[in-house]
Every structure is written in structure tokens, then in C-alpha cells.
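Residue numbers (the working numbering): 1455 to 1522.
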Amino acid sequence: LASENKRLKTDLAAYAVSESEAASAALREQMSDLAAQVVALTAKLDGPESPIAKVLAAPNPGGSGERS
1455 LASENKRLKT
1465 DLAAYAVSES
1475 EAASAALREQ
1485 MSDLAAQVVA
1495 LTAKLDGPES
1505 PIAKVLAAPN
1515 PGGSGERS
């Protein structure tokens, strides 16, 4: 019974960590989406001469733009 209790506590702790990681990942994704929307809106409001539009039009010198 004691070993079963210990196993269940370990499983519960692992589940809590994975839930927390999933929530953090979802929040990061929402923040990334919001940031992209803010950049796009600002570039649109600035017009074709926007420094943002120029940066976005420039080729990406390295990497895929994604974090690891």
C-alpha cells in the first residue's frame, strides 16, 4: 500500500509538471501571436515606408526564425 501511494504521488507530480509545461507553452504561443499582430498592425498604420515593413521584407540572414 505504501509503495502504491508513493507511485501515485510520483505520477501526480509528473502530471502537474506536464500540465504546467503545457499551459506555459500555450501562453507563449498566445503571446507570440499577439506580438505578430501588433507588429503587423503597426506596419500597416505606418504605411509602405514603415521601418517595420522594410525589416520584414529583408531576407533572414540565418536560422528559421524559430527558437529551439
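We treat Cβ as the ideally placed atom computed from N, Cα and C, and that holds for glycine.
Return the Cβ separation of residue 1497 and residue 1510 in integer angstroms, given the expectation that the two are a contact with Cβ distance under 8 Å.
On the sequence shown, residue 1497 is found 43 positions in, with the first residue counted as 1. On the sequence shown, residue 1510 is found 56 positions in, with the first residue counted as 1. At roughly 7 Å, the Cβ-Cβ gap stays under 8 Å, so residue 1497 and residue 1510 are in contact.
Would residue 1506 and residue 1492 qualify as a contact pair, given that the criterion is a beta-carbon distance under 8 Å?
Translated into positions along the sequence shown, residue 1506 becomes position 52. Translated into positions along the sequence shown, residue 1492 becomes position 38. Taking 8 Å as the Cβ cut-off, residue 1506 and residue 1492 do not qualify as a contacting pair.
So what does DSSP say about residue 1504, is it helix, strand or coil?
On the sequence shown, residue 1504 is found 50 positions in, with the first residue counted as 1. It is coil, neither helix nor strand.
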